[in-house]
Amino acid sequence: MTRRILAVLFGSFCCLATRGPHGRVDTVNPMHEPRAAHCATLLPNGQVLITGGMSGIRSAETFDPVTMTYLSTYPMQTGRAGHTATLLANGKVLIAGGYNGNYLDTAELYDPSTRRFTTAGTMITARSGHTAVVLQNGRVLLAGGVGTGWTFLSSAELYDPRTGRFTTTGSLSTPRESHTATFLKNGKVLIAGGHRGRRPSVVIYASTEIYDPATGAFRTAANMTQRRHKHDAVLMADGRVLIVGGADERDRDGAYRTAEIYNPATGSFAPTAEMHLARYKLSGTTVTMSDGQVLVACGAAKAELFDPARNAFEIVPGEFGSDRLFATATRLRDDRVLIAGGYDETIRISSGSWLYRRP
5 MTRRILAVLF GSFCCLATRG PHGRVDTVNP MHEPRAAHCA TLLPNGQVLI
55 TGGMSGIRSA ETFDPVTMTY LSTYPMQTGR AGHTATLLAN GKVLIAGGYN
105 GNYLDTAELY DPSTRRFTTA GTMITARSGH TAVVLQNGRV LLAGGVGTGW
155 TFLSSAELYD PRTGRFTTTG SLSTPRESHT ATFLKNGKVL IAGGHRGRRP
205 SVVIYASTEI YDPATGAFRT AANMTQRRHK HDAVLMADGR VLIVGGADER
255 DRDGAYRTAE IYNPATGSFA PTAEMHLARY KLSGTTVTMS DGQVLVACGA
305 AKAELFDPAR NAFEIVPGEF GSDRLFATAT RLRDDRVLIA GGYDETIRIS
355 SGSWLYRRP
């Protein structure tokens with residue numbers, strides 16, 4: 005009872021905190037376990053499914069935005085980090101690949117009605133650090149990553165929810181990990197940046213590719229304005245793609261404040277305003293809001309908001325206390341954003357959670 009009263013009081017305090025014109029980030033109840041390189045997926049019931057994380061843990065939990073609490077679910081069949089968790093049209097979530105000391109070719113399905121995970125077949129290739137995008141036909145495109153023997157992958161595959169099977173599709177022109185994959189309004193997918201190799205011989209790409217589901221092939225597209233890996237990319241309301249942050253070969257010491265925009269109509273990239281803070285290791289934490297502004301939630305100790313109309317970034321009040329690296333950010337139905345986990349600059353993994361609220 006005491007804990008419930010404290011939770012209510014704490015929640016009320018957060019709601020009373022002053023919100024500026026750009027909204028505010030406030031601390032909320034933590035997850036049950038510290039997590040980084042995990043996944044967060046918005047479910048049809050409005051809750052958020054949190055799965056896995058370093059160092060390949062099996063546990064999962066859901067965040068309820070009504071009660072502002074986390075509830076444990078049944079664990080995954082296989083512990084994993086660096087995997088993907090993709091909402092399917094049938095309301096289930098496809099968990100694919102990852103790493104737990106071994107590169108994984110296993111997949112499983114989460115059913116929100118039972119809160120259980122079941123096996124979902126075997127991928128063509130074991131992979132971690134890949135991307136997963138739902139196509140217009142309901143299939144899931146999984147591309148790139150790193151696999152067994154520390155092999156950087158150019159291969160891609162498709163998961164079909166109707167058959168429950170993985171099949172091969174065209175290959176990337178360049179093996180890449182820590183890239184981004186963005187579903188475009190024309191039904192194609194933009195693959196951008198990433199790297200191959202490890203320091204000191206890592207190669208970081210400015211190159212991009214376009215996947216066309218109609219042909220099942222990737223084609224080389226224009227280069228970004230600079231080489232990036234461990235960056236983020238998000239589709240904006242007008243159909244363009246905002247690409248933010250990332251780093252060069254020095255990782256943290258080479259993290260970028262820069263951002264650029266891809267225009268599908270011209271097939272070109274152009275620089276835009278710089279962020280206030282350099283950011284990297286922020287994949288999947290950049291969110292387009294209902295009014296068209298874009299929240300860049302992680303990769304640093306504070307969030308920023310990008311306004312496409314003004315072509316400007318602004319710092320959001322409230323902070324995480326330290327950099328949020330390999331965290332997750334999920335837009336809820338009411339336009340709040342749940343930010344969960346990640347690690348700081350010392351690789352201290354957090355169970356912390358924060359909520360971004362609009363003005």
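Note that the sequence shown covers residues 5 to 363 in the numbering used here. Note that beta-carbon positions come from the ideal geometry of N, C-alpha and C, so glycine has one too.
Pairwise C-alpha distance: residue j and residue i
i: Gly151; j: Pro363; result: 44 Å
i: Phe156; j: Ala237; result: 21 Å
i: Cys18; j: Asn33; result: Its pLDDT being 36, under 50, Cys18 is placed unreliably in this model, and the coordinates cannot settle the point.
i: Gly346; j: Ser355; result: 8 Å
i: Arg166; j: Phe187; result: 21 Å
i: Asp164; j: Lys96; result: 13 Å
i: Trp154; j: Gly133; result: 11 Å
i: Pro38; j: Thr129; result: 29 Å
i: Arg361; j: Val320; result: 10 Å
i: Leu53; j: Val137; result: 17 Å
i: Leu146; j: Ser175; result: 11 Å
i: Gly83; j: Cys43; result: 12 Å
i: Glu65; j: Gly50; result: 14 Å
i: Glu181; j: Gly198; result: 5 Å
i: Pro217; j: Val206; result: 30 Å
i: Val144; j: Leu162; result: 5 Å
i: Phe222; j: Ala269; result: 18 Å
i: Cys302; j: Gly258; result: 16 Å
i: Gln140; j: Pro179; result: 25 Å
i: Arg202; j: Glu253; result: 9 Å
i: His235; j: Ala277; result: 16 Å
i: Ala225; j: Met240; result: 19 Å
i: Asp295; j: Ser158; result: 37 Å
Residue(s) in a DSSP beta bridge with residue i
i: Ile195; result: Ala185, Glu213
i: Cys43; result: Thr55
i: Trp358; result: Thr31, Ile343
i: Val138; result: Val144
i: Thr73; result: Asp68
i: Glu308; result: Val300, Ile319
i: Ala313; result: Bridge partners of Ala313: none, in fact.
i: Asp164; result: Arg169
i: Phe433; result: Because the chain here runs from 5 to 363, residue 433 falls outside it and cannot be looked at.
i: Phe324; result: DSSP output for Phe324 lists no bridge partner at all.
i: Val97; result: Leu91, Tyr114
i: Leu329; result: Tyr347
i: His233; result: Ala251
i: Ser132; result: Val150
Of the listed residues the options, nearest to residue i (C-alpha basis)
i: Asp109; options: Gln81, Ala93, Pro116, Arg119; result: Gln81
i: Arg337; options: Val70, Arg28, Asn315; result: Val70
i: Leu75; options: Arg119, His87, Thr45, Ala41; result: Arg119
i: Tyr209; options: Asp216, Phe310, Thr184; result: Thr184
i: His26; options: Arg256, Gln297, Phe187; result: Gln297
i: Met35; options: Tyr266, Thr45, Phe67; result: Phe67
i: Glu318; options: Arg335, Arg328, Val300; result: Val300
i: Arg231; options: Val245, Asn315, Met240, Gly249; result: Gly249
i: Ile214; options: Tyr266, Pro204, Lys234; result: Tyr266
i: Lys285; options: Ala277, Ala333, Leu359, Val341; result: Ala333
i: Ala85; options: Thr219, Ser59, Ser63; result: Ser59
i: Gly271; options: Ala259, Asn227, Thr55; result: Asn227
i: Ala40; options: Phe330, Gly101, Lys234; result: Phe330
i: Ala305; options: Ile353, Phe170, Thr45, Ala282; result: Ala282
i: Ser117; options: Gly168, Tyr78, Thr88, Leu139; result: Tyr78
i: Leu309; options: Phe324, Met279, Gly148; result: Met279
i: His233; options: Ser357, Phe170, Asp255; result: Asp255
i: His56; options: Gly102, Phe273, Glu264; result: The residue asked about is misnamed: residue 56 is Gly in this sequence, not His. That would be Gly102, whose Cα lies nearest to the Cα of Gly56.
i: Val291; options: Phe273, Ala313, Tyr260, Val245; result: Val245
i: Ile61; options: Arg314, Ile343, His87, Ala251; result: His87
i: Thr219; options: Arg340, Lys192, Asp115, Ser211; result: Lys192
Buried or exposed by the 16-neighbour rule on C-beta atoms within 10 Å, applied to residue i
i: Gly142; result: exposed
i: Leu20; result: Residue confidence is low: Leu20 scores 35 on pLDDT, short of 50, so the model does not pin down where it sits. Its coordinate-derived value is still stated next. Leu20 should be labelled exposed.
i: Gly243; result: exposed
i: Thr6; result: Confidence at Thr6 is low in this model, with a pLDDT of 30, below 50, so its placement is unreliable and the value that follows should be read with caution. So Thr6 ends up on the exposed side.
i: Lys189; result: exposed
i: Glu112; result: buried
i: Asp30; result: buried
i: Ile195; result: buried
i: Ser287; result: buried
i: Thr123; result: exposed
i: Ala160; result: buried
i: Val12; result: At Val12, the pLDDT of 28 sits below 50, so the modelled position is not reliable; the number obtained from the coordinates is stated separately. Its Cβ having fewer than 16 others within 10 Å, Val12 is exposed.
i: Asp327; result: buried
i: Arg131; result: buried
i: Thr45; result: buried
i: Gly148; result: buried
i: Ile99; result: buried
i: Arg200; result: buried
i: Asn104; result: buried
i: Thr126; result: exposed
Residue-chain proximity (residue i, chain B), Cβ-Cβ < 8 Å
i: Ser287; result: Looking at the structure shown, chain B is missing, and only one protein chain is on hand.
Closer than 7 Å: residue i CB and nearest the ligand ATP heavy atom
i: Arg119; result: For the structure depicted, the ligand ATP is absent and the ligand set is empty, with no information on it obtainable.
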